[in-house]
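K.L.:
Take a look at this one; I'll ask things after.
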Amino acid sequence: MAHPVMWRGKLFFYPIGNTSAVCLTQDLCPSEKADLLLLGCGDPRHILYTVHTNSDDLQKSRKLDITCCDIEGAVIARNVILFTLLADEGAAQRLPQLWNIFFHFYLDKVSLDLLESQCRKLVELSSDLDSWNNGPYGHFLRMCTADTLTELRRLWQLYIKTTSFSPSQAKAFESAFAADVEAGRVKSRDVMTASRSAGPLSAYSFKMAAAHYNIYWKTGISSAVPKRPSDVKHANPTLAYSMAGEKFAVHYGTDPLACFHLAEGMAPAIGSSSLKAAVNVCKMQFSTWCTSVSKKLRSQSPSSLSPLIIRCFVGDALSLCQALRYFFITKSTSTPFPVAPWKHAFITLDPDAYGAMQSPAPITFNVIDTSNLLDHLGVLNILTVTVPILQRTPSATLYTEGLAGGSDPAGTLLHILCADIATLGLLLGLIPASFISQFTTRSNLHDVMIRMLQQDAPQNHERIAWKLIGGAEKLVTDLDCPIDMAPEQLAGVLFNIYLNMFSHENVVRKMAMARQAGASGQPFQLSGIVHYHRRSFAELLGVVKRRVITEWETVMNMIHSKIQNDRTLLMGMNYYQDLCCQLHLLGIFNVHWMSLKEVQELHRIEKPVFLRDWNVLPQTAFVVLVVPRDRLRPLLPELDDAGTPVLQCDVRGTATANTFSSIHTVFGIVNVSGKGDAKTVSIEKDATGRHGTSPLVVWFRLPSVALMNERRLMVGLSVLSTPATNSLALTLGLYLSIFRADLDDEKFVHILRQRPDAGLESAEEKYTQTNDLRVKTTGACPFVTLDKEYQKPLSFTTRVDIVEPEMKASLTSGATPLVNQVSMHSIAIALGDHALQVPFPLPIDVKKIKLRIARKSLYIEVILPLQLALGGTDLMDIFPVIPHGGDLALWNMHRVNLDRCVPFDIANKKALDWINPHVSLMMSERERSAPQGMMSGSTLLDVKRTLHSIFGCASGMENGKPPLSYGLRNGDEIFVMFYITDLRFDLGSHTIVADAWVMPSSPTAEKLEAFHKAAVHMKPGEMNMAGVNDEERKAWMHLLVAATERCRTWEHRTNCEYRVQGVIPLTLEPDESPICSCGAGVGSEAFVKKYPKLRSLAPWVTRAAISPLFALSYLENIRNPEGGPESVKTPAPVVRDTSVQVCATCGRGSGSGSLLVCGRCKDVRYCSESCQRKDWKEHKKRCGLV
């Protein structure tokens, strides 16, 4: 497995989520079928919310195929109960009981009876896969494996069993349940888990969240009343069984309110919003979402293809991804990947669901959501296994989510990636979309605010959307986007990653960090969490090998030499044989001493005792170690207290010591048959696991050479040494050994040619061959040059062959190519009247381009530095919209269903004091220190400042009553008008969005006539005008396309200007429209209702979703950490353009009469004294400085 095996001490059950629901399809095109993979899926809140947001307009017909994976069977068992109840007739009447069953610790009799009857029904239908698939739920609810169905059935039977307990059994069950609930409740401090779900209003929900937590854990129900009704007295059996055993083990931070969107119930009633209202809003959201799912499930009959298919898998996320990749290549449903750690079964996919049906289960996905598994499995492990099964489309997205601790969110991602973000993106082919654009439309900055208010805030929530590198460039057709790199540079960067992955072995570095922290007076704590072993590194190399064009054998020889000579990892060479073994097994690299010839020669010379009777000598062998229960039992308390220590095996002699970290564990009885190389082992698994009496069986693979080095060897199971496990040394000894036996002691040790229960042939060899598959290239790959430390990419080099005859003639005649940058990622090389466009996977800087021209060979070599610095001055298309299969994909702005976004009232200004801090957090600390005025030096910052002004005016927080319209002016030309009908919550992304109608300028008589008709009815002060420079205007032209596309409810016509002209945006000129006309006037009834006197504009306006563009907390500081939230500075309002004769307040020109001039600065003009008074509060701050 790609992750180390950890001892399972105290386990927690997570029956419901600890973050609010998100829409899983928000980065897909509206017409795109959604093939979703949810790893660590948890409860179904994301599915419920996604179905709800996809239940109207274009998304209504979208097919949703969702594969749900969770290692906790009880999570999936509960989810299936909910979905099947929603599919049954009368679901709407049972919604209160569904809430109780899913969220409450204790149930009333009606809810308990409903749960019992549904479980009995499910047990009856689940005798085998055929029975399930042919039952009433099989058309929309599928099981990926037979083992999954078996595990779910076992749990449903346990739930039923509790209803038939004898009086004494029932009393004992209820008493133990109540005791566990009381023991689990946090009593030492306020728990405000749910406050995060209030998003921008989090700071106002602390008391409410803490109050609800206390009531929930004291009464066992979600309520505003601190007393449980007398009829709610039955323990909820779905919370009494989990991987932790037959007991209540729900995590102490659990709170139902955390799953929902509290902001809906809090604004605009800040300060007066009650706990009762918050609970009711959550119940209302649950009911609404469930109703949408129920309608979708019941819209199709069991005999037809369901518009919503949910597939269930109980097991390890990493294993499932590898099994799906294995099936994709081999077409075999029997795979060599274990279901989960501590499980003996291997994944066998349902043959009927994978490949044989008319609509087979997806094995690649355009959405992969990994929940917060990076905190539990390591982000590199997740990227390694998900990249191969992510569909190669510009909209395909991988989501990672972290709840990281630590005092500084900035730099956290860089630390856990073990490499520079851009460098790793080039190596793996996947990169955070926000990293390229330097902003995100999803806000996690309420967490930043919480950390400002609470210095001991334990977590920072960071959700990141990863996309295929190069996907933001319209010209890139090969989204595998392979690269070329010099062997020494690739070896250097991979070795740096190796050192960072195993930095826990660098004792000198850890001691230095501790000394540095002590000198500065800062607390320092060494983490005992380890996510990687040598198999993890080998798996990562496998992905890099398939992507990077280079001399791979040379690269691996260099890495091999660096590892052998390394002295920074104190125990590095102890894992040398383990690493070489894993590299061999995955087809990555073969060291000479593991070759079959060398092994046979050593065997002939040494005649090792352990392989004496073997006729066929393999390069690797399996060692099975049986750890007696009586040796393990006394150690259980100390192992449990150590948390989740990593287990590993070692083979030691008098002169050698080799550690092997890729191990498998299971409790059971070993049965042996055969001898020598024909020896096999089968294991009878003990279902009671650690609570049973069977021994612990451990096996691992090692090079056969490791068994020939010495005459007497011992094999042992031990604990990896970390700061958290140091205390075990008193009991386990220096090597932290749990058990050790002589290698030739067949009572405890068995040496095999194949793994236990595999027979003499194994699917694993077939998997080794699949790892040698390389990405196919369709043209020249960019050559990447790194810096001297092999950390950051500096430049791309590519060769452009000139094949067009006229361009050939120009080149041979001595013409100098002209190069222009046409997008962030591409350039155009012009020769004569013809040009070639050349794309690159990351943003480039054409100002520093170098050309090498081969006139005889007819090619041009282009060398371009990368442009990745924060606050780049000339980012061109930072809002890419990419054609995709007849639709349009967005790169870095998520889609919103504006009609599902809840509007909030802006009448009560006192209740809106959260808006300015929220919108102000668009700016990082770096951006706040930039000069104010028209030229900040950063186009993105200029756009942010204009957005800040728009939201300030639209909420009425800047100038009182919101203006009727907003105009952006470049020079003396207004290039776009905005009309905002509502401010709404984008609840799933914890931000707000302006429901706007935009009218770009275009020289049509009809539009001008319509505008003049509307202008007659407009009063002074009803128009807000802001001036922008040329670069910001161009950025807005791109932004308008993305803003209208992201909320689109209509289909692009066959004669859409985007299609006909083949360019997006249509223009960057200020007097023409950058957006197509397909959406003009569509749905404008809402616009007319809000602004009846602007009716004449209705045919010309297009709906748009305008939202803040937030700074990235994983890249830079959002504010000065020495201040508090109250010190978050408000950026100065945008300086209005005064180069033309217009009123600085309402934007009216001088056509109706002369304008008044400010008597102090003599520069700013007004149409009336009234407008001057309105603007004075803001103007006086800069009067004389304009």
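Counting from 1, position 421 in the sequence shown corresponds to residue 421 in full-length UniProt numbering; the numbering is continuous, with no gaps. C-beta: ideal position from N, C-alpha, C; glycine also. Nothing here was measured: the structure is a model prediction, and the numbers come from that model.
What does a CB cutoff of less than 6 Å around Gln821 pick up in its chain, not counting 5 residues either side in sequence?
P.N.:
Ile827 and Val846.
K.L.:
Since Glu116 is in the alpha helix (DSSP H), which residue starts that stretch and which ends it?
P.N.:
Run containing Glu116: Lys109 to Leu125, per the alpha helix (DSSP H) assignment.
K.L.:
When you compare only the Cα positions, how much space is there between Pro167 and Glu174?
P.N.:
Taking the straight line from one Cα to the other gives about 10 Å.
K.L.:
Could you say which of Pro703, Glu598, Asn615 and Arg547 lies nearest to Cys580 if we only look at CA atoms?
P.N.:
When each option's Cα is compared against that of Cys580, the closest is Pro703.
K.L.:
Nearest by alpha-carbon distance to Pro782: which of Val367, Lys1007 and Ile469 is it?
P.N.:
Taking only the C-alpha atoms, the option nearest Pro782 is Ile469.
K.L.:
For Asp677, which option in His750, Val646 and Thr665 has the closest C-alpha, if you only look at C-alpha atoms?
P.N.:
Of the candidates His750, Val646 and Thr665, the one whose C-alpha sits nearest the C-alpha of Asp677 is His750.
K.L.:
Whether or not the stretch 1044–1062 and the stretch 62–81 are in contact is what I'm after, with contact meaning three or more pairs of Cβ atoms, one per stretch, closer than 8 Å; do they touch?
P.N.:
With the cut-off at 8 Å, the stretch 62–81 and the stretch 1044–1062 do not touch.
K.L.:
With a cut-off of 8 Å on the beta carbons, I'd call residue 1239 and Gly668 a contact; round off their distance for me.
P.N.:
Residue 1239 lies beyond the residue range present for the chain, which begins at 1 and ends at 1186; the question has no answer from this structure.
K.L.:
Throw me the rounded Cβ distance for the Ile368 and Leu417 pair, which I believe falls under 8 Å.
P.N.:
With a Cβ gap of about 17 Å, Ile368 and Leu417 do not count as contacting.
K.L.:
Check Pro634 in the structure and name its three-state DSSP category.
P.N.:
Looking at Pro634 - three-state DSSP - the assignment turns out to be helix.
K.L.:
Taking the beta strand (DSSP E) that Met714 belongs to, which residues open and close that run?
P.N.:
First-last of the beta strand (DSSP E) with Met714: Met714 to Val719.
K.L.:
For Glu1169, name the three-state secondary structure that DSSP assigns.
P.N.:
Helix.
K.L.:
At a cut of 8 Å, does the stretch 890–906 reach the stretch 1039–1048 through at least three beta carbon pairs?
P.N.:
Taking 8 Å as the limit for Cβ pairs, the verdict is that the stretch 1039–1048 does touch the stretch 890–906.
K.L.:
What do you reckon, is the C-beta of Ala235 under 6 Å from a heavy atom of the ligand PLP?
P.N.:
Looking for the ligand PLP in the displayed structure turns up nothing, as the structure carries no ligands at all.
K.L.:
What's the C-alpha gap between Asn565 and Gln577?
P.N.:
Cα-Cα distance, rounded: 15 Å.
K.L.:
Going by beta carbon distance, what residues of the same chain come within less than 7 Å of Arg45, once the five residues before and after it are set aside?
P.N.:
Only Gly17, Ala21 and Cys259 meet the Cβ criterion.
K.L.:
Determine the extent of the alpha helix (DSSP H) in which Gln1061 is found, giving its start and end residues.
P.N.:
It spans Glu1057 to Gln1061 - the alpha helix (DSSP H) in which Gln1061 sits, taken as one unbroken run.
K.L.:
Can you tell me which of the three DSSP states Ala830 falls into?
P.N.:
Of the three classes helix, strand and coil, the one that applies to Ala830 here is strand, per DSSP.
K.L.:
Which value, in whole angstroms, describes the spacing of the CA atoms of Val993 and Ala1105?
P.N.:
Approximately 6 Å between the Cα atoms of the pair.
K.L.:
Between the beta-carbon of Val800 and the beta-carbon of Ile863, is there less than 7 Å?
P.N.:
Not in contact: Val800 and Ile863 (Cβ atoms no closer than 7 Å).
K.L.:
Which residue spans inside the stretch 650–732 form an unbroken beta strand (DSSP E) run of at least 3?
P.N.:
Listed in chain order, the complete beta strand (DSSP E) runs (minimum 3 residues) inside the stretch 650–732 are 657–660, 663–673, 680–685, 696–703 and 714–719.
K.L.:
So which of Asn1055, Cys1047, Ala1035 and Leu308 has the shortest CA-CA distance to Pro1074?
P.N.:
Considering only alpha carbons, the answer is Ala1035.
K.L.:
Tell me the rounded alpha-carbon separation between Ala2 and Ile421.
P.N.:
If you take the alpha carbons of Ala2 and Ile421, they lie about 21 Å apart.
K.L.:
Could you tell me whether the Cβ atoms of Leu262 and Ser197 are closer together than 7 Å?
P.N.:
Yes.
K.L.:
Excluding five sequence neighbours on each side, which residues of the same chain lie with their C-beta closer than 8 Å to the C-beta of Cys29?
P.N.:
The residues are Ser395, His884, Gly885, Asp887, Leu888 and Ala889.
K.L.:
What are the complete alpha helix (DSSP H) segments, minimum 4 residues, inside the stretch 287–346?
P.N.:
With a minimum length of 4 residues, the continuous alpha helix (DSSP H) runs that stay inside the stretch 287–346 are 317–330.
K.L.:
Please report the straight-line C-alpha distance between Arg8 and Gly689, rounded to a whole angstrom.
P.N.:
The straight-line gap from Cα to Cα measures roughly 11 Å.
K.L.:
Can you tell me which of Pro15, Ser55, Lys10 and Gln59 puts its alpha carbon nearest to the alpha carbon of Arg1048?
P.N.:
Here the closest residue by C-alpha is Gln59.
K.L.:
May I ask which residues mark the beginning and end of the beta strand (DSSP E) holding Met893?
P.N.:
Premise fails: Met893 is in no beta strand (DSSP E) and is neither H nor E.
K.L.:
Quick one: is Ser434 buried, meaning 16 or more other Cβ sit within 10 Å of its Cβ, or exposed?
P.N.:
Buried, because 16 or more other Cβ atoms sit within 10 Å of the Cβ of Ser434.
K.L.:
Can you give me the start and stop residues for the alpha helix (DSSP H) that Tyr216 sits inside?
P.N.:
Taken as a continuous stretch (DSSP letters only), the alpha helix (DSSP H) holding Tyr216 covers Phe206 to Thr219.
K.L.:
So Gln821 is in the alpha helix (DSSP H); what residue range does that whole segment cover?
P.N.:
Careful: Gln821 lies outside any alpha helix (DSSP H), inside the beta strand (DSSP E) at Leu818 to Ser823.
K.L.:
Could you pull out every residue in the same chain whose Cβ sits closer than 7 Å to the Cβ of Arg94, ignoring the five residues on either side in sequence?
P.N.:
Once the five neighbours on either side are set aside, the close Cβ partners of Arg94 are Leu85 and Leu114.
K.L.:
Buried or exposed for Asp56, going by 16 or more other Cβ atoms inside 10 Å?
P.N.:
Exposed is the call here.
K.L.:
Going along the chain, which residues of its own chain have a beta-carbon closer than 7 Å to the beta-carbon of Gly1083, five neighbours each way excluded?
P.N.:
Here the set comprises Thr1049 and Arg1103.
K.L.:
Please work out which residues of its chain come closer than 7 Å, Cβ to Cβ, to Val232, disregarding the five sequence neighbours upstream and downstream, and give them in chain order.
P.N.:
Excluding positions up to five away in sequence, the list reads Tyr106, Leu107, Asp108 and Ile221.
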